[in-house]
Amino acid sequence: MSDADLALRALRLLDLTDLSDQASETGALQLCARAVAVPGPVAAICIWPQFVKLARQTLKGSPVRIATVINFPAGNSNCSLIGSDINEAIADGADEIDLVLPWRAFLAGDVEIAREMVAEARGSCGDKTLKVILETGEYPARASVRAASELAIAAGADFIKTSTGKTRISATPEAARTMLEAIKASGRPVGLKPSGGLRTLADAKSYLDLAGELMGPDWATQKTFRFGASGLYGVLADIIAGTAPAERTDGAY
């Protein structure tokens, strides 16, 4: 597969994201425009809840899905507003909910509060897609990543996602491998979303190769695999257009 073909495949799996502190209505409109422009469309946009209604109006009739974040980025352990926040986001037009697991509570041993929050979100999402963000860069060991993955899957996640992108360590191949192993062992049709820190075509290729190795070469589709990376879109678009410097994707530099 050529670099351009690989970049196009990755772009079709991209959740084009703006979760910055400076996000605005103007920025949301610009994000929507990029999401459907050549060489798009991307899989989805991921934005703050307050911009969902605007995005729904702007993207009406397009195949681009709208994702928003709940309990983001802190991953608090209070479940009281989860249902109402999700209901409001869905009423505004969200197709997908990216929920941050209360990972600090989980790592401290309060497994039940984490399970309760995911289950609450699952019930509120109905037939909408629920992605559960584990924040794997903060976990002390792969065993913790495996346990959190298993909990999220058992409680009803449609995807498990590595990171918020707000911590020092975001997605890593090691965490993604552990999460894919948990997905495979579950026997459920759950997807993976590596998120944060992906900046090059080689980064994207490494995760697609990993998914192909563990799950099969045709497994990674929009229904099972997404990239969450604010800076990846421009890189992929330049490679597709033939305006980017040559990049090695074979691991050698």
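Following our numbering, the numbering of the sequence shown begins with 832 at its first residue and continues without gaps. We put the beta carbon where it would ideally sit given N, CA and C, even for glycine.
Buried or exposed, going by whether 16 or more other CB atoms sit within 10 Å of the CB of V963?
For the purposes of this step, residue 963 is taken as residue 132 along the sequence shown, with counting starting at 1. That one is buried.
Do you know offhand how far T967's Cα is from A1002's?
By one-based count along the sequence shown, residue 967 stands at place 136. By one-based count along the sequence shown, residue 1002 stands at place 171. Rounded to the nearest angstrom, the two C-alpha atoms are 7 Å apart.
What are the residues that DSSP puts in a beta bridge with I1000?
Position 169 of the sequence shown, counted from the start, is the residue given in the question as residue 1000. Note: I1000 sits in no beta bridge, so no partner.
Give the range of the beta strand (DSSP E) segment to which K1024 is assigned.
Residue numbering aside, residue 1024 sits at position 193 when the sequence shown is read from its first letter. Segment 1022-1024, the beta strand (DSSP E) holding K1024.
Roughly how many angstroms lie between the CA atoms of A922 and L930, to the nearest whole one?
Taking the sequence shown and counting its residues from 1, the one referred to as residue 922 is at position 91. Taking the sequence shown and counting its residues from 1, the one referred to as residue 930 is at position 99. Spanning the two alpha carbons is a distance of roughly 17 Å.
What are the residues that DSSP puts in a beta bridge with I964?
Here residue 964 refers to the residue found at position 133 when the sequence shown is read from its first residue. The partner list for I964 (beta bridge, DSSP) reads V931, K992.
Let's test the definition: count the other Cβ atoms within 10 Å of the Cβ of E1005 and tell me whether it reaches 16, buried, or not, exposed.
Position 174 of the sequence shown holds residue 1005. By the neighbour-count rule (16 or more Cβ atoms within 10 Å), E1005 is not buried but exposed.
Return the residue from the list L850, P1076, L860, L890 that minimises the CA-CA distance to P880.
Counting from 1 along the sequence shown, the entry for residue 880 is found at position 49. Of L850, P1076, L860, L890, the residue nearest in Cα terms is L850.
Enumerate in chain order the residues of its own chain whose CB-to-CB distance from A983 is below 6 Å, with the five nearest sequence positions on each side excluded.
As a first step, residue 983 is located in the sequence shown; it is residue number 152 there, counting from the start. Contacts found: V949, V963, I991.
Straight-line CA distance for D958 to D846?
Against the sequence shown, residue 958 aligns to sequence position 127. Against the sequence shown, residue 846 aligns to sequence position 15. When rounded, the distance between both Cα atoms is 19 Å.
Sorted by chain position, which residues of the same chain lie with C-beta nearer than 6 Å to S1017's C-beta, five sequence neighbours on each side aside?
By 1-based counting over the sequence shown, the position of residue 1017 is 186. So the qualifying residues of the chain are I984.
Apart from the five residues on each side of it in sequence, which residues of its chain come closer than 7 Å, Cβ to Cβ, to R953?
Here the question's residue 953 lines up with position 122 in the sequence shown. Taken in chain order, the residues that qualify are L961, A986, G987.
If I'm right that G1043 touches T848 with Cβ under 8 Å, what's the distance once you round it to whole angstroms?
Residue mapping note: residue 1043 aligns to position 212 of the sequence shown, counting from 1. Residue mapping note: residue 848 aligns to position 17 of the sequence shown, counting from 1. Actually they do not touch by this definition, with Cβ atoms about 24 Å apart.
Just grab the DSSP bridge partners of V900 for me.
As a position in the sequence shown, residue 900 is number 69, starting the count at 1. In the DSSP output, where bridge partners are listed per residue, V900 has D929.
Give a yes or no on whether the C-beta atoms belonging to G940 and S994 are separated by under 8 Å.
Taking the sequence shown and counting its residues from 1, the one referred to as residue 940 is at position 109. Taking the sequence shown and counting its residues from 1, the one referred to as residue 994 is at position 163. No, they are not a contact pair.
Can you give me the start and stop residues for the alpha helix (DSSP H) that C956 sits inside?
On the sequence shown, residue 956 is found 125 positions in, with the first residue counted as 1. Segment 942-956, the alpha helix (DSSP H) holding C956.
Which residue comes first and which comes last in the alpha helix (DSSP H) that contains T848?
What you label residue 848 is simply residue 17 of the sequence shown in a count that begins at 1. Premise fails: T848 lies in the beta strand (DSSP E), 845-849, not in any alpha helix (DSSP H).
Please name the residue in I1000, S1037, W1050, D1034 whose C-alpha comes closest to that of I1014.
As a first step, residue 1014 is located in the sequence shown; it is residue number 183 there, counting from the start. When only C-alpha atoms are compared, the closest one is W1050.
When DSSP labels each residue in this structure, what does C863 get in the three-state scheme?
Here residue 863 corresponds to residue number 32 of the sequence shown, with the count starting at 1. Three-state result, C863: helix.
Could you pull out every residue in the same chain whose Cβ sits closer than 8 Å to the Cβ of G1047, ignoring the five residues on either side in sequence?
As a position in the sequence shown, residue 1047 is number 216, starting the count at 1. If we look at G1047 and ignore the five residues flanking it on each side, it has no Cβ neighbours.
Over what stretch of residues does the beta strand (DSSP E) that includes A1033 continue unbroken?
Here the question's residue 1033 lines up with position 202 in the sequence shown. Careful: A1033 lies outside any beta strand (DSSP E), inside the alpha helix (DSSP H) at 1032-1046.
If you follow the alpha helix (DSSP H) that A979 is in, where does it begin and where does it stop?
Position 148 of the sequence shown, counting from 1, holds the residue named residue 979. Start and end: 973-985.
Could you pull the DSSP bridge partners for F1056 from this structure?
What you label residue 1056 is simply residue 225 of the sequence shown in a count that begins at 1. DSSP lists L1023 as partners of F1056.
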